[in-house]
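> The structure's right below; bear with me while I get my questions together.
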Amino acid sequence: MQVSGGSTGIRVLDEETINKIAAGEVVERPASVVKELVENAIDAGASAVRVDIRTDATGVSRILVMDDGNGMEPDDARLAFLRHATSKITSGDDLQSIHTMGFRGEALASIAAVSRVTLVTKPNKSGSLAGIEIVVDGGEIISERETGAPGGTSIMVEDLFATTPARKKFLKRKPTELAHIYAVMEQCALAHPDVAFRLVQDGAEKIRTPGEGGLHNAVIALYGSEISRALVPVKGKTPYMRIDGFVATPSVNRPHAHQIAISVNERQISSPPLARAVRAGYGTLLPKNRYPVVFLAITIDTALVDVNVHPAKKEIRLSREDDVVRELAAAVRTALAREELIPEGHGPEQTSRPESSVFGGETAYAGVASPGGAYETVHTKPDAAVLPHRAITTTDIQLRLTEGRGGHQERSKLLPGMEIIGQVDDTYILAARKSGDHEDLVLIDQHAAHERVLYEQVLAKRGRDLTAQELLVPVVLSLRPKEAAAVRGARHMLMTEGFLIDDFGGDTFAVRTVPVVLGTQMPDGLIEDLIADLVAEHMKSAEGRKERITTVIACRGAIKAGTALSPDQMRRLLDQLARTENPWTCPHGRPTMVVFSRSVLDGMFHRT
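Residue numbering for the sequence shown is 281 to 888, as defined by this note's numbering.
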């Protein structure tokens with residue numbers, strides 16, 4: 281093979297280009313810088329880490345990370361800017377037993393290659409009052425001097441991606457980039473509850489954890505005492521692994537898996553197999569497409585963990601993954617069983633799909649939803665004497681808001697031969713439908729049916745002014761920094777969907793209006809689900825967000841399972857469902873109804 285300097289031949293890249301390529305793998309956005317520098321501080325034995333962020337109109341303009349760790353001697357400080365210069369491993373054998381967050385010696389060199397970095401450091405045990413300050417611009421040391429400094433290290437990063445404008449062009453808006461920084465700080469604080477973390481943005485404190493060593497204390501500092509009251513302790517131990525932490529009771533759940541926080545050997549990681557193991561531990565306690573809130577710390581023999589599989593060390597490989605997954609699911613299941621949350625028995629089995637039509641058109645979907653498929657389960661009911669009056673009043677308003685033109689005059693044409701029999705468990709509408717010489721039995725899921733009605737009504741108004749309804753009492757929100765950044769970035773879009781949200785500064789907001797189809801009160805769980813969607817990683821496109829918002833509005837605004845309906849209310853709901861373009865499924869894909877034809881019923885009872 282020939283090494284050539286010609287334009288078409290293979291060439292050896294210069295050091296500057298190599299550093300920029302490495303930076304592209306390690307430094308994706310400002311949050312990547314925060315992550316690498318905070319992890320370096322942790323590896324240096326810091327008991328306290330402060331991150332100071334400065335922003336301007338274009339985004340994050342400065343990142344300053346200060347720690348009280350070991351600090352560095354001048355010679356080590358100079359070497360720190362060289363690629364693959366590290367104090368954490370000495371040979372390839374050390375990769376089999378890594379106990380530090382970093383180990384490649386790439387982070388500082390990669391950051392310095394695409395920014396201006398000022399490092400000030402002094403060994404904690406040094407008797408000298410002076411430390412060393414080194415300034416590196418675009419990978420080149422441009423100044424070095426002695427300076428007064430406390431023990432530890434501070435690193436300031438400015439002009440990020442100045443030497444790689446293409447990367448800077450792909451950064452997201454300021455709220456999005458800040459949300460990523462908040463997420464990194466939360467992950468570090470959960471993985472290292474023995475370290476006191478503080479995040480300050482433009483002079484305002486956003487995150488502070490006590491560093492007292494308990495995961496529970498870190499959770500309270502980050503998420504508040506309300507969520508901590510729903511946590512169940514989890515413990516598990518095998519000869520090669522230990523599991524500690526907390527899982528929330530099933531009533532506290534999210535529409536995405538972003539609050540499944542799992543650390544392995546004090547490294548916060550993303551692991552679909554481990555996340556699935558946690559979900560499996562809940563079994564059918566969680567509704568379909570809902571995810572638990574989890575804070576777990578797993579300690580595994582380092583010889584069984586490979587952390588050198590991802591440039592940013594976000595993923596790991598486990599040599600006994602099946603065993604770990606099984607033990608994790610069992611630990612979660614055991615913890616929930618102690619709380620007497622595991623239900624007895626099993627749901628109904630799947631039945632065949634009889635061919636029948638409900639509204640006289642094409643064949644309806646006639647499968648039975650899976651046992652875990654119900655979006656919402658009501659575990660307790662109000663007093664029986666109070667429920668009917670209260671439910672009917674609320675439901676009348678809901679159905680009136682979603683009533684279409686034409687009303688009941690067209691019911692006989694839209695619902696040929698449909699006769700409502702009653703309601704099963706305040707959840708399913710039971711009806712009979714004439715089909716030739718026989719009748720079919722129809723079960724309608726009232727929540728799924730109303731969900732479909734609301735979904736199509738909101739979609740129909742998109743592109744026009746979506747009428748907003750002022751709430752009787754504005755809903756005040758006190759959010760975490762990551763959530764506040766997401767809401768600020770989406771306020772205009774939310775307003776076009778009918779949500780007027782006032783920003784009071786800091787992390788406090790007030791919701792004043794909602795889409796008119798929701799009435800004058802905020803449905804339970806609506807705003808929590810919307811915010812969770814806004815911060816979810818996959819909700820990047822505006823259209824994707826709008827679609828998800830529509831789905832959440834429909835689901836949270838729909839009549840709930842466990843709501844008693846009058847015969848007239850049931851008829852009105854079926855009338856509205858008949859007018860939709862797709863009456864057979866809810867927006868999540870679950871069937872709105874199950875049809876049992878006469879032939880299927882005969883087969884069930886072994887009639888010939």
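Virtual Cβ for every residue (Gly too), placed ideally from N, Cα, C.
Of all the options LEU814, GLY778, GLY785, which has the alpha carbon lying nearest to the alpha carbon of GLY799?
Numbered from 1 along the sequence shown, position 519 holds the residue referred to as residue 799. Comparing Cα positions, the closest option is GLY778.
> My assumption, with CB atoms under 8 Å, is that THR707 sits in contact with ALA834. Please give the rounded CB distance.
Stepping through the sequence shown from its first residue, residue 707 is reached at position 427. Stepping through the sequence shown from its first residue, residue 834 is reached at position 554. Contact doesn't hold; Cβ gap of about 18 Å is too wide.
> Does GLY716 pass the burial test, meaning 16 or more other C-beta atoms within 10 Å, or should it be called exposed?
Numbered from 1 along the sequence shown, position 436 holds the residue referred to as residue 716. When all chains shown are included, GLY716 counts as exposed.
> What separation, rounded to the nearest whole angstrom, lies between the Cα atoms of GLN630 and VAL794?
Your numbering for residue 630 matches position 350 in the sequence shown. Your numbering for residue 794 matches position 514 in the sequence shown. For GLN630, the predicted model reports a pLDDT of 38, less than 50, meaning its position is unreliable; a value from the coordinates is still stated below. Going by the C-alpha atoms only, they are around 38 Å apart.
> Do the CB positions of ALA429 and LYS402 come within less than 7 Å of each other?
Sequence index remark: in the sequence shown, residue 429 carries index 149 (1-based). Sequence index remark: in the sequence shown, residue 402 carries index 122 (1-based). Yes, they are a contact pair.
> Under the three-state reduction of DSSP, which class applies to ILE596: helix, strand or coil?
Stepping through the sequence shown from its first residue, residue 596 is reached at position 316. Coil.
> Should PHE450 go down as buried or exposed, given a rule of 16 or more other Cβ atoms within 10 Å for buried?
Residue 450 sits at position 170 when you count from the first residue of the sequence shown. PHE450 is exposed by the Cβ-count criterion.
> Specify the secondary structure class of GLY349 as computed by DSSP and reduced to three states.
Position 69 of the sequence shown, counting from 1, holds the residue named residue 349. Three-state DSSP puts GLY349 in coil, outside helix and strand.
> Would you list the one or two residues that DSSP bridges to GLY572?
Residue numbering aside, residue 572 sits at position 292 when the sequence shown is read from its first letter. Correcting the residue type first, residue 572 is Pro in the shown sequence and not Gly. The partner list for PRO572 (beta bridge, DSSP) reads ASN533.
> I need the DSSP call for GLY432, collapsed to helix, strand or coil.
Start at 1 with the first residue of the sequence shown, and residue 432 comes out as number 152. It is a strand residue.
> Helix or strand or just coil, what does DSSP make of SER312?
Taking the sequence shown and counting its residues from 1, the one referred to as residue 312 is at position 32. Helix at SER312.
> For the candidate residues ARG425, GLY516, GLY431, ARG828, whose alpha-carbon lies nearest to that of PRO535?
Translated into the one-based positions of the sequence shown, residue 535 becomes position 255. Taking only the C-alpha atoms, the option nearest PRO535 is ARG828.
> On a CA-only basis, which of ALA469, LEU721, THR518 is nearest ARG330? Give me that one, please.
For this step, residue 330 is matched to residue 50 along the sequence shown. Selected option, being the one with the closest Cα: ALA469.
> What does the alpha-carbon distance come out to for the pair PRO310 and ARG852?
One-based indexing of the sequence shown puts residue 310 at position 30. One-based indexing of the sequence shown puts residue 852 at position 572. When rounded, the distance between both Cα atoms is 54 Å.
> Could you tell me how far apart the beta carbons of ILE580 and TYR520 are, in whole angstroms, since I believe they sit closer than 8 Å?
Sequence index remark: in the sequence shown, residue 580 carries index 300 (1-based). Sequence index remark: in the sequence shown, residue 520 carries index 240 (1-based). Contact holds; Cβ gap of about 7 Å.
> Would DSSP call SER715 helix, strand or coil?
Locating residue 715 in the sequence shown gives position 435, counting from the first residue. Note: SER715 maps to strand in three-state DSSP.
> Once you ignore the five residues that flank LEU495 on each side, which residues in its own chain have a CB closer than 8 Å to its CB?
Taking the sequence shown and counting its residues from 1, the one referred to as residue 495 is at position 215. Same-chain partners within the cutoff: LEU470, PRO473, ASP524, GLY525, PHE526, PHE575, ALA577.
> Using only alpha-carbon positions, find the residue among ILE540, HIS718, LEU723, ALA459 that is nearest to GLY702.
Along the sequence shown, read from residue 1 onward, the residue named residue 702 stands at position 422. Closest option to GLY702, Cα to Cα, is LEU723.
> Can you tell me where the beta strand (DSSP E) with ASP332 in it begins and where it stops?
Counting from one through the sequence shown, the residue named residue 332 turns up at place 52. Here the beta strand (DSSP E) through ASP332 covers 328-336.
> With respect to the beta strand (DSSP E) encompassing LEU479, which residues constitute its N-terminal and C-terminal limits?
Taking the first residue of the sequence shown as 1, we reach residue 479 at position 199. Residues 476-481.
> Alpha carbon to alpha carbon, what distance is there between ALA615 and ASP882?
Residue numbering aside, residue 882 sits at position 602 when the sequence shown is read from its first letter. Residue numbering aside, residue 615 sits at position 335 when the sequence shown is read from its first letter. About 45 Å.
> According to DSSP, which residues form a beta bridge with MET873?
Numbered from 1 along the sequence shown, position 593 holds the residue referred to as residue 873. According to DSSP, which records beta bridges pairwise, MET873 is partnered with ILE724.
> Using 8 Å as the Cβ pair cut-off and three pairs as the minimum, do the region 745-759 and the region 478-494 touch?
The region 745-759 is not in contact with the region 478-494.
> Is ILE596 near the ligand FMN, with its Cβ less than 6 Å from a heavy atom?
In the structure shown, the ligand FMN is absent, as is every other ligand, since no ligand is present at all.
> In chain order, what residues of the same chain lie with their CB nearer than 6 Å to the CB of GLN539, ignoring the 5 residues before and after it?
Against the sequence shown, residue 539 aligns to sequence position 259. Result list for GLN539: VAL573, in chain order.
> Assign PHE789 to buried or exposed, taking buried as 16 or more other Cβ atoms, counted over all protein chains shown, within 10 Å of its Cβ.
On the sequence shown, residue 789 is found 509 positions in, with the first residue counted as 1. Its Cβ being crowded by 16 or more others within 10 Å, PHE789 is buried.
> Closest to ASP332 by C-alpha separation, out of SER341, VAL480, ALA321, ILE391, would be which residue?
If you number the sequence shown from 1, residue 332 lands on position 52. ASP332 has its Cα closest to that of VAL480, out of SER341, VAL480, ALA321, ILE391.
> Please state whether DSSP places ARG453 in a helix, a strand or coil.
Along the sequence shown, read from residue 1 onward, the residue named residue 453 stands at position 173. Coil, per DSSP.
> Ignore the nearest five residues each way along the sequence and tell me which others in GLU438's own chain have a CB closer than 6 Å to its CB.
Your numbering for residue 438 matches position 158 in the sequence shown. Hits under 6 Å: ARG342, ARG396.
> Can you give me the C-alpha to C-alpha distance between VAL587 and VAL756, rounded to a whole angstrom?
Residue 587 sits at position 307 when you count from the first residue of the sequence shown. Residue 756 sits at position 476 when you count from the first residue of the sequence shown. Looking at the two C-alpha atoms, the distance is approximately 43 Å.
> Throw me the rounded Cβ distance for the THR433 and ALA410 pair, which I believe falls under 8 Å.
The residue given as residue 433 occupies position 153 in the sequence shown. The residue given as residue 410 occupies position 130 in the sequence shown. About 14 Å separates the two Cβ atoms, so there is no contact after all.
> Using the three-state DSSP reduction, which class does TYR520 fall into: helix, strand or coil?
What you label residue 520 is simply residue 240 of the sequence shown in a count that begins at 1. In the structure shown, TYR520 sits in coil (DSSP, three-state: anything other than H, G, I, E or B).
> When you compare the CB positions of ALA729 and THR843, do they come within less than 7 Å of one another, or not?
One-based indexing of the sequence shown puts residue 729 at position 449. One-based indexing of the sequence shown puts residue 843 at position 563. No; because the gap between Cβ atoms is not below 7 Å, this pair is not in contact.
> Just grab the DSSP bridge partners of ALA577 for me.
What you label residue 577 is simply residue 297 of the sequence shown in a count that begins at 1. Answer by DSSP bridge pairing, in chain order: ASP524, SER543.
> Among all the DSSP beta bridges, which residues are the ones paired with LEU757?
For the purposes of this step, residue 757 is taken as residue 477 along the sequence shown, with counting starting at 1. In DSSP, LEU757 forms a bridge with PHE789.
> Under 7 Å Cβ to Cβ from THR456, same chain only, skipping five residues before and after it: list those, please.
Translated into positions along the sequence shown, residue 456 becomes position 176. GLY769.
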